[in-house]
């Protein structure tokens, strides 16, 4: 066996041969090296692709609430009919307010059917007063039969969303009918938003009360409780979405965007 010291002597003695050997081995090394590295590179690339795919899936799933419960199961925990009934009634009230109170022309009929709350009961204004149109610009409300209701009537008119400013003279109210100006349109559109917020808050109130009742139920699992709460929130959001569409349509109508 040749020792390292002897090999060094041979290399010094035959430098040309050593150079030629190195030259001959270089192409072989150049071919072999990539083949040795190739499996490692491929494995690394595959690993990177898998990592990216997993990250993309996490992004897709992030923030997505999965509710694995149908309405029959929901009905076993809450009164789904009552829940939807209250929310639909709130939405219907908003629709009626829009029709009656948010007209570009504040008709006498809208004022006559205005709801007035007095001593815990609701009345239409025409039940308490005589309502007549004096001229195209003025509506007269005569409350001589029920003068004690005047403060309640004034409050109802001011909160009606019709952008009216009644003037009192004894037991008679004179209500100037606003012209259909841009300012008047914007005022009505603002009132439409106010009525929407009132509707939205009422729906949220029903939602929160229902969720509170669900949380108090000790005979259901934590997982089922969470699913029911999520479903109730989804139902409420659906009604709020309907109210938002009504708001957008009404504001576009009032502002002349349609």
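In the working numbering, the protein residues as written are 86 to 343. Glycine residues also receive a C-beta, built at the ideal position from the N, C-alpha and C atoms. Predicted model only: the values in this text are computed from it and were never measured.
Endpoints, beta strand (DSSP E) assigned at residue 245: Within the chain shown, the letter at position 160 stands for residue 245. Taken as a continuous stretch (DSSP letters only), residue 245 belongs to no beta strand (DSSP E), as it is neither H nor E.
For residue 254, the residue or residues it bridges with in DSSP: Along the chain shown, read from residue 1 onward, the residue named residue 254 stands at position 169. Residue 254 is bridged to 257.
Cβ contact (3+ pairs, closer than 8 Å) linking the stretch 314-332 and the stretch 244-259: no
Burial state of residue 302 (16 or more Cβ within 10 Å): Translated into positions along the chain shown, residue 302 becomes position 217. Its Cβ having fewer than 16 others within 10 Å, residue 302 is exposed.
Residue 206 (DSSP reduced to helix, strand or coil): As a position in the chain shown, residue 206 is number 121, starting the count at 1. Three-state result, residue 206: strand.
Beta-carbon proximity list for residue 197, same chain, < 8 Å, skipping 5 on both sides: On the chain shown, residue 197 is found 112 positions in, with the first residue counted as 1. Cβ neighbours of residue 197 beyond the five flanking positions: 209, 210, 211 and 216.
Pair within 9 Å by beta-carbon distance, residue 331 and residue 183: The residue given as residue 331 occupies position 246 in the chain shown. The residue given as residue 183 occupies position 98 in the chain shown. The answer is yes: Cβ separation under 9 Å.
Between the CA atoms of residue 284 and residue 177 - distance to the nearest angstrom: Your numbering for residue 177 matches position 92 in the chain shown. Your numbering for residue 284 matches position 199 in the chain shown. The alpha-carbon atoms of residue 177 and residue 284 are separated by roughly 9 Å.
Spatial distance of residue 282 from residue 272 (CA atoms): For the purposes of this step, residue 282 is identified with residue 197 of the chain shown, where counting begins at 1. For the purposes of this step, residue 272 is identified with residue 187 of the chain shown, where counting begins at 1. Going from the Cα of residue 282 to the Cα of residue 272 covers about 16 Å.
Within the stretch 253-303, ranges of the alpha helix (DSSP H) (whole runs, at least 4 residues): 267-301
Presumed contact (8 Å Cβ cut-off) between residue 162 and residue 313, rounded CB distance: Position 77 of the chain shown, counting from 1, holds the residue named residue 162. Position 228 of the chain shown, counting from 1, holds the residue named residue 313. Indeed, because the Cβ distance is near 5 Å, the residues count as touching under 8 Å.
Cβ separation of residue 276 and residue 246, assumed to be a contact under 8 Å, to the nearest whole Å: Here residue 276 refers to the residue found at position 191 of the chain shown. Here residue 246 refers to the residue found at position 161 of the chain shown. About 4 Å separates the two Cβ atoms, so the contact holds.
N-terminal and C-terminal residue of the beta strand (DSSP E) that residue 219 is part of: What you label residue 219 is simply residue 134 of the chain shown in a count that begins at 1. Segment 215-220, the beta strand (DSSP E) holding residue 219.
Span of the alpha helix (DSSP H) around residue 178: Residue numbering aside, residue 178 sits at position 93 when the chain shown is read from its first letter. 165-186 is the extent of the alpha helix (DSSP H) around residue 178.
Close Cβ partners of residue 229 (< 7 Å) along its chain, the five nearest in sequence each way excluded: The sequence position of residue 229 within the chain shown is 144, counting from 1. Contacts found: 256.
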